[in-house]
Amino acid sequence: MRKKALLGASLALLTGGVVVGQQPGAPRLAPALPPGVTPVGSAQPTNPVAPAGGAYLPPTSGIQPASVTSAPVPLPTNIEIKTALGADHPWLLKPEHGAFFIMVKSYVRPAKDTPAAKEDPGASARELAEGLAHEIRDTYRVQAFLFEYISEERKAEMRQIAAARQKAQAYAAEIAKLRQRSQFQGTEFLEPDNKMHVMTHHHRDQIGVLVGGFQNEDDAKRALLKLKTWPTPKNELLVDKSAIVQTGANGKSEIVKAAINPYAGAFVVPNPTVPRSAQPQQGFDPFIVKLNEGMPYNLLKAKKTWTLAVKSFVAPVEITNKESTPSVMQKMGFSKGADALAAGAEQAEGLAKALRQMKGPNDQGLNLEAFVLHTRNASLVTVGQFDGPDDPSLLATKRLLAALQSKTRVTEDKTGLRPVANAPTLFDNIMPMPIPKAKE
């Protein structure tokens, strides 16, 4: 009898969870019993009571129907992002300071009080930028300002955090209601896990030093010619270091180390704090189109509209005959004695080739689609082609390149625990940029 009872209970569990769905307007009658069969119990079976109009019947197995989800809360737009400079810095660049400036140098360093800062000790981006701006102000008696770049990826992350906090506030209000109800009913309330988990990434501080301001671009360009003649800053921490392998007088290769003068690579930019409406993209300079013809990693051949700029090799270009078809080395000015400038263009091509051939764990290719764009005064190396600055593939590639950057840093010891402050890096600032398109 015990086995039969257990079997009956099991069957009841298996068959008792039938979900009743929508019923038609007229309820279905119970089937008639065969002649001579008497139902168990004294009451005769009756027709089931159905709600009028065939309303929804809740499941009998204890499963609650799915609730209707509300529309997603839009992400907040006006958010306050904590910056390294702060809003009250005396040298903070503002829109009223001028329309055009000379970008002297930008510093990218781990933010303070982060795990990356412990692994890569040294001066912060703010300290380096303040040092260079202070030297410019004291030595040349001109205005030098600081601008902190906040990437679109970081802005999107902060919007996600703000939205998560809004949801947490609504969740806390519901928990408070349930706690109060539990007190009224005299039941024990079990506190849930109220921790909020949000995926974040370690961002680096990016602070630029700008000289100005100027009312128009022509005034800024005239001042730029004078600024480029300034000598290298005396403080070695404020400048990057370079090492070039060249053939010595004895015919052997030797390494020549030198400091890179930041003033030599300065350029004119509009005030980055002034928002600018999107303008139609102008056709690219035919000279630049011709300069990149036949190059194996020509960025102008990319199909999509955005890429990631990773490295810039400053290399002014001089071509004596615009209508001729010079060789690659002649395009880069090699025949005019600009050996170092031509080497920059060759290094850009070499870096693009190396990135395309780079492999990861288990000897698997990383599939990095590198490009090169040669301009009048520089050769730019980029990675990938994407649909926009917020393309998920772009953001994933940016994180991959940042990881490669950290693994190739220069250190003072073999263990890699003491990185050299402000040492040369595999990439410069990894930043999204639109791909220029030539006129058809």
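Under mature numbering (1 follows the signal peptide of the UniProt record, and there is no 0), residues -21 to -1, 1 to 419 are what the sequence shown spells out, in order. Backbone N, C-alpha and C define an ideal beta-carbon position, used for all residues, glycine too.
In DSSP terms, what residue i is bridged to
{"i": "Ser85", "result": "Gly187"}
{"i": "Trp209", "result": "The partner list for Trp209 (beta bridge, DSSP) is empty, contrary to what the question assumes."}
{"i": "Asp219", "result": "Ile239"}
{"i": "Glu328", "result": "In the DSSP output, where bridge partners are listed per residue, Glu328 has none listed."}
{"i": "Val351", "result": "Asn277, Val360"}
{"i": "Lys97", "result": "The partner list for Lys97 (beta bridge, DSSP) is empty, contrary to what the question assumes."}
{"i": "residue 428", "result": "Residue 428 lies beyond the stretch modelled for the chain, which goes from -21 to 419, so this question has no answer here."}
{"i": "Gly344", "result": "Lys338"}
{"i": "Leu71", "result": "Leu125"}
{"i": "Glu233", "result": "Gln225"}
{"i": "Phe168", "result": "Answer by DSSP bridge pairing: none, since Phe168 is not bridged."}
{"i": "Phe193", "result": "Phe79"}
{"i": "Phe406", "result": "Its beta-bridge partners do not exist; DSSP assigns none."}
Span of the alpha helix (DSSP H) around residue i
{"i": "Pro249", "result": "Element bounds for Pro249: not the alpha helix (DSSP H) but the beta strand (DSSP E), 246 to 249."}
{"i": "Glu109", "result": "104 to 119"}
{"i": "Val268", "result": "265 to 271"}
{"i": "Ala63", "result": "Counting along the chain, Ala63 falls outside any alpha helix (DSSP H), and DSSP gives it neither H nor E."}
N- and C-terminal bounds of the beta strand (DSSP E) containing residue i
{"i": "Val289", "result": "285 to 293"}
{"i": "Met410", "result": "410 to 413"}
Selected residue, minimal CA-CA separation from residue i, among the options
{"i": "Asp370", "options": "Leu278, Arg160, Met412, Val218", "result": "Met412"}
{"i": "Pro100", "options": "Pro89, His68, Glu106, Glu109", "result": "Pro89"}
{"i": "Leu217", "options": "Asp172, Pro368, Leu107", "result": "Leu107"}
{"i": "Leu287", "options": "Ala382, Lys97, Ala63, Leu373", "result": "Leu373"}
{"i": "His176", "options": "Val190, Thr208, Gln139, Glu75", "result": "Gln139"}
{"i": "Lys338", "options": "Leu380, Gln326, Gly323, Arg144", "result": "Leu380"}
{"i": "Val268", "options": "His68, Val351, Glu328, Tyr150", "result": "Val351"}
{"i": "Arg120", "options": "Met137, Gln185, Leu206", "result": "Leu206"}
{"i": "Gly344", "options": "His353, Ala333, Gly367", "result": "Ala333"}
{"i": "Ala243", "options": "Ala63, Leu270, Pro212", "result": "Pro212"}
{"i": "Arg105", "options": "Leu383, Leu125, Ala222", "result": "Leu125"}
{"i": "Met410", "options": "Trp285, Leu383, Asp198", "result": "Trp285"}
{"i": "His181", "options": "Thr93, Gly65, Met274, Gln384", "result": "Thr93"}
{"i": "Pro265", "options": "Leu71, Arg255, Val253, Leu279", "result": "Leu279"}
{"i": "Thr208", "options": "Gly187, Val235, Asn240", "result": "Asn240"}
{"i": "Ser221", "options": "Gly227, Ile234, Pro210, Asn229", "result": "Ile234"}
{"i": "Ser358", "options": "Asp366, Leu347, Ala324, Ala349", "result": "Ala324"}
{"i": "Glu272", "options": "Glu136, Val253, Asn214, His353", "result": "His353"}
{"i": "Lys200", "options": "Glu75, Glu215, Pro249", "result": "Pro249"}
{"i": "Tyr276", "options": "Ala238, Glu348, Ala152, Ala245", "result": "Glu348"}
{"i": "Ala281", "options": "Ala151, Ile60, Gly363", "result": "Gly363"}
{"i": "Asn346", "options": "Thr226, Pro340, Arg335, Leu383", "result": "Arg335"}
{"i": "Ala147", "options": "Ala135, Pro171, Glu127, Thr166", "result": "Pro171"}
{"i": "residue 443", "options": "Glu167, Lys91, Ala151", "result": "Not covered by the structure: residue 443. The range shown for the chain is -21 to 419."}
{"i": "Arg255", "options": "Pro74, Glu59, Trp70", "result": "Pro74"}
{"i": "Lys416", "options": "Lys91, Pro340, Lys283", "result": "Lys283"}
{"i": "Met137", "options": "Gln145, Ile60, Val360", "result": "Ile60"}
{"i": "Gln122", "options": "Lys91, Thr361, Leu71, Lys236", "result": "Leu71"}
{"i": "Ile186", "options": "Glu167, Val87, Phe365, Phe406", "result": "Val87"}
{"i": "Arg355", "options": "Leu383, Leu270, Ala142", "result": "Leu270"}
{"i": "Ala63", "options": "Lys97, Glu127, Lys84, Phe246", "result": "Glu127"}
{"i": "Phe246", "options": "Ser85, Phe365, Asn408, Gly65", "result": "Ser85"}
{"i": "Val360", "options": "Glu328, Pro368, Gln384, Asp366", "result": "Glu328"}
{"i": "Asp219", "options": "Arg144, Ala238, Asp197", "result": "Ala238"}
{"i": "residue 422", "options": "Ala149, Arg144, Gln326, Gly367", "result": "The question about residue 422 has no answer here: the residues shown for the chain are numbered -21 through 419."}
{"i": "Gly367", "options": "Ile414, Ser103, His76, Leu330", "result": "Ile414"}
{"i": "Pro69", "options": "Glu109, Ala95, Lys97, Ala96", "result": "Glu109"}
{"i": "Ala155", "options": "Leu169, Asn341, Ala322, Thr226", "result": "Leu169"}
Is there contact between the stretch 151 to 167 and the stretch 122 to 131, where contact requires at least three CB pairs shorter than 8 angstroms? no
For the stretch 117 to 162, list the beta strand (DSSP E) runs that are entirely contained and at least 3 residues long, ordered along the chain. 123 to 127
How do the stretch 107 to 126 and the stretch 280 to 291 stand: do at least 3 beta-carbon pairs fall below 8 angstroms, yes or no? no
Between the stretch 62 to 81 and the stretch 186 to 195, are three or more C-beta pairs nearer than 8 angstroms? yes
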